[in-house]
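**Student:**
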DNA sequence: CATGAATGAGGGTTCATTCAT
DNA sequence: CATGAATGAACCCTCATTCAT
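Protein chains in written order, with our numbering: chain A, 21 to 250; chain B, 21 to 250; chain C, 21 to 250; chain D, 21 to 250.
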């Protein structure tokens, strides 16, 4: 009605939007923590709102159902992974190098941050399918490898299974008691060979020095309480 | 006088034991069917007893909790798998051949019987750990391959992840819409290569003719309602 | 700005707290009624929530188990008894007079309000031990009587058994078909004599006029549906 | 049909009757043990048949419901009490002496045999009402005392409450941690005084020497596993 | 938007009792 | 009579979701 109050509304709505975003983040963080500690199962919401110190009603202002929440967390986890790993993978031109690098980095991250590993394990095989990580990154490099002749596999689907399968198992191993020396390199090498990269090249690529990925202190994984291990 | 009673008692207890065994089987079958159709989640018991046409109380005469039931089913599924696949794998002396054969057979079985595939997918990664299958069969052949030098992988754990990971993903693919031509052979070949078998040998082994495994009509998988597909 | 929010919050939380208190009261009342009519046994919760016209979930927002509920009711019953009887007992300086007065009043109350009698009988001997009644009132007067030489009993435990035992039986009698003329006085006199008060004094004290205790209309006992008898 | 088989039938039926009686006894014993250890509550029958090493069906050949069983046990406990106590009470001509003697003996028995005390406590106040003990023995002596002028109480019902009340509490005390010196005599004396026996006479009667009641080794109480204490 | 009391469908478990063998 | 598998009504309890304030 009065144009003079516009800036005021603007201010209010901007403040409100920020508030809203902060609350949402708190919920996602708390949910990740809860999934990590208790798995994806019944009783989640109670724990989440207690962890986030938010009321029940507030929760439902942000997520309509618990699956909605799960999807949001999985998506953000995927995006965060990309944000951390992608910059370190992209410099490599060779698709095989990219895959090797990506696998080793992800396993390294999971080792250093149990929150991540737990979530991927607890969430089941579906956890990796949410968000955009798979689509954007893995498929991109697989396609590149097939097209360039670096991989001898012919089928995209098959390649995906040969890659994600071992990585998925790796998360289990990461959480287990014993973590064999050179496991990450070995796994990456195995995957490359499975895709058709010659053993010698695979071995060489996986033995290469690797800058360890570093999780930013303000990352979702850290905010969700992941204590750095090792 | 005394001896005339014995057979009577024997008869009674034998009849009782048989009845008991039949009921237990009905429950396990029904549970497998339910897991298959609805996944491993809440609400299981109700559905199982309805499917088995058995009272609530009867259920608890056999299984103390739903996890107990799940364990029983997983164990029996594993045992049944061994019973079917093992005889066809054992004739091969070469560990690589065994692995190739085993993988292809299992995928074939899963294709032919959705009950099996669904259960393995729905049950999550844990489903394969129950029972004795892994211990007895897979580890046996992996150890054989490592010891004989057929595989170049050094670590058992690593080898296991490189093998079970892709197979696990394969079950997903089996249930999906598209099943690429030559997928099973491709996957087996990939696994062999991952384990360090030279590409040429891997390709040859996986292209070999293979007697399709046949599921006995009285098998748990069939009793549980698996419609044969293709 | 800030201060204008506070009253709002205050208001909300006050309304919430009141509502909560009302619901809790409804549950306790209903429970007392149920214990009274059906005894303390299995099947309580269902009946309570039906009587209180409250959902199952609501019940568990207030009491974690049925024993929890029982404890709450017993405690409140005890407290209510004290609240009613104590003011009439305290004016007496003589411990023997206090005991006589207390016993007669309680029996009178039980006669006038079956809810009370039923609960004390159904709840078993443990019902009287909850809350603070015994500790605060009975033991206080017994100790007084022993110390002042009014009672010849020496042991507190013994005195308690000689007092609570007959009173406990009295509740049964109150609920029975026949209630002998002068029963309450007789019982009180017997207890005093048991404690060592001379027969003549005991008789005199128990024959004294007694203002009947009156149960406030808003008392738990009335709210729980006790129809006044006689 | 044939008269010649009569003796045979007789023999068979006699043997059968004995068998039957033995099984019934086993069940009653087991039930007493179970009531003693777990109280009178749900889950009884399972425990009883397991203790008696008898099948479910057999149980129902002897008792139609669980209350039926409880009644049988209470009755037998009462009868056994009479069988042990009565012979030691009857020699006394004075009703006051009889009551004093009876109370002291019963408390002594309960002290020496926890099975007895537990059952009487667990079973609630109703336990003493079953069977014939009360009718035959207690009432007999109370009537005697009133008629002879030994007791000044006038009402039978009142006298019963003044007697059974304290005894009932005594069972609780017997099971408690501390058992005051001279408790049994004190309680008996208190009861006598309550009934109107002069303090001096009551004190004298309760201080008299007392042959301790001895529980026959083949008594129900012993067979039910009561370890003798003290 | 925040709050938290209330909801109630949904699931799990027990146990007295029946009944075919 | 003995047996024990089967029954199912009756309970207890949880938790995702709604809604008045």
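Just so it is clear, CB atoms sit at the ideal spot from N, CA and C, and this is done for glycine as well.
Could you check how far apart the C-beta atoms of residue 105 (chain A) and residue 161 (chain A) are, in whole angstroms? I think they sit under 8 angstroms.
**Tutor:** Approximately 11 angstroms separates the beta-carbon atoms of residue 105 (chain A) and residue 161 (chain A); this is outside 8 angstroms, ruling out the contact.
**Student:** Does the region 108–119 of chain B come into contact with the region 160–175 of chain B, if we say contact requires no fewer than three beta-carbon pairs (one atom in each stretch) closer than 8 angstroms?
**Tutor:** At 8 angstroms Cβ cutoff, the stretches touch.
**Student:** Report the residue from B:110, B:141 and B:237 whose alpha carbon sits nearest the alpha carbon of residue 196 (chain B).
**Tutor:** Cα-wise, what sits closest to residue 196 (chain B) is B:141.
**Student:** Which residue from D:86, D:174 and D:53 puts its Cα closest to that of residue 72 (chain D)?
**Tutor:** D:53
**Student:** Does DSSP put residue 53 (chain C) in a helix, in a strand, or in coil?
**Tutor:** Helix at residue 53 (chain C).
**Student:** Quick check on residue 37 (chain D): does DSSP put it in helix, strand or coil?
**Tutor:** helix
**Student:** How many whole angstroms separate the CB atoms of residue 210 (chain D) and residue 186 (chain D), which I take to be in contact at a CB cut-off of 8 angstroms?
**Tutor:** 6 angstroms
**Student:** Looking only at C-alpha atoms, which of C:146, C:233 and C:109 sits nearest to residue 158 (chain C)?
**Tutor:** C:109
**Student:** Consult DSSP for residue 174 (chain B) and reduce its assignment to one of helix, strand or coil.
**Tutor:** coil
**Student:** Report the CB separation of residue 244 (chain A) from residue 74 (chain A) in whole angstroms; it is logged as a contact under 8 angstroms.
**Tutor:** Not confirmed; about 15 angstroms, so no contact.
**Student:** If we count Cβ pairs, one from each stretch, closer than 8 angstroms, do we get three or more for the region 218–231 of chain A versus the region 201–210 of chain A?
**Tutor:** yes
**Student:** Taking the C-alpha atoms as reference points, what is the distance between residue 179 (chain C) and residue 173 (chain C)?
**Tutor:** So the two alpha carbons sit approximately 7 angstroms from each other.
**Student:** Residue 80 (chain C): buried (16+ other C-beta within 10 angstroms of its C-beta) or exposed?
**Tutor:** exposed
**Student:** Could you spell out the range, first to last residue, of the alpha helix (DSSP H) harbouring residue 205 (chain C)?
**Tutor:** Run containing residue 205 (chain C): 203–215, per the alpha helix (DSSP H) assignment.
**Student:** Near residue 233 (chain C), which residues of its chain fall below 7 angstroms by C-beta distance, leaving aside the five closest residues on each side in sequence?
**Tutor:** 104, 105, 108, 125, 128 and 129
**Student:** Could you check whether residue 50 (chain D) and residue 68 (chain D) sit closer than 7 angstroms to each other, using their CB atoms as the reference points?
**Tutor:** yes
**Student:** Taking only three categories from DSSP, how would you classify residue 219 (chain B)?
**Tutor:** helix
**Student:** Residue 199 (chain D): which of C:204, C:194, C:177 and C:205 sits nearest, CA to CA?
**Tutor:** C:177
**Student:** With distances taken from CA atoms, which of D:149, D:194, D:88 and D:112 is nearest residue 20 (chain D)?
**Tutor:** Residue 20 (chain D) lies beyond the residue range present for chain D, which begins at 21 and ends at 250; the question has no answer from this structure.
**Student:** Please look up how many angstroms separate the CB atoms of residue 184 (chain B) and residue 148 (chain B), rounded, as I've assumed it's under 8 angstroms.
**Tutor:** 6 angstroms
**Student:** Indicate whether at least one CB of chain B lies closer than 7 angstroms to the CB of residue 129 (chain A).
**Tutor:** Proximity of residue 129 (chain A) to chain B, defined by a Cβ-Cβ separation below 7 angstroms, is not satisfied.
**Student:** Cβ closer than 9 angstroms: which chain B residues qualify as neighbours of residue 98 (chain A)?
**Tutor:** Here the premise fails: no neighbours, minimum Cβ distance about 18 angstroms.
**Student:** Skipping 5 residues on each side, what residues in its chain have a beta carbon closer than 7 angstroms to that of residue 64 (chain D)?
**Tutor:** 54 and 86
**Student:** Distance cutoff 7 angstroms, beta carbons only. Does residue 51 (chain C) sit that close to anything in chain D?
**Tutor:** no
**Student:** Would you grab the beta carbon distance between residue 240 (chain C) and residue 38 (chain C) for me? Rounded to a whole angstrom, and I think it's under 8 angstroms.
**Tutor:** At roughly 18 angstroms, the Cβ-Cβ gap does not stay under 8 angstroms, so residue 240 (chain C) and residue 38 (chain C) are not in contact.
**Student:** Between the beta-carbon of residue 190 (chain B) and the beta-carbon of residue 150 (chain B), is there less than 7 angstroms?
**Tutor:** Residue 190 (chain B) is not a Cβ neighbour of residue 150 (chain B), given a cutoff of 7 angstroms.
**Student:** Would you decide whether residue 156 (chain B) is buried or exposed? Buried here means 16 or more other CB atoms lie within 10 Å of its CB.
**Tutor:** exposed
**Student:** Please list, in chain order, all residues of the same chain as residue 171 (chain A) whose beta carbon is under 8 angstroms from its beta carbon, the five residues on each side excluded.
**Tutor:** 115, 116, 162, 165, 179, 215, 216 and 217
**Student:** Residue 205 (chain B) CB to nearest chain A CB: under 7 angstroms?
**Tutor:** no
**Student:** What three-state label does DSSP hand residue 85 (chain C) in the structure shown?
**Tutor:** coil
**Student:** Classify residue 131 (chain C) as buried or exposed, calling it buried when 16 or more other Cβ atoms lie within 10 Å of its own Cβ.
**Tutor:** Buried, since its Cβ has 16 or more Cβ neighbours within 10 Å.
**Student:** Taking C-beta to C-beta, are residue 48 (chain C) and residue 92 (chain C) nearer than 7 angstroms?
**Tutor:** yes
**Student:** Return the CA-CA distance between residue 143 (chain B) and residue 122 (chain A), expressed in angstroms with no decimal places.
**Tutor:** Taking the CA atoms as reference points, residue 143 (chain B) sits about 28 angstroms from residue 122 (chain A).
**Student:** Where do the N-terminal and C-terminal ends of the alpha helix (DSSP H) with residue 149 (chain A) fall, by residue?
**Tutor:** Annotation: residue 149 (chain A) is outside any alpha helix (DSSP H) and is labelled neither H nor E by DSSP.
**Student:** Look up residue 108 (chain A) in the DSSP assignment and say whether it is helix, strand or coil.
**Tutor:** helix
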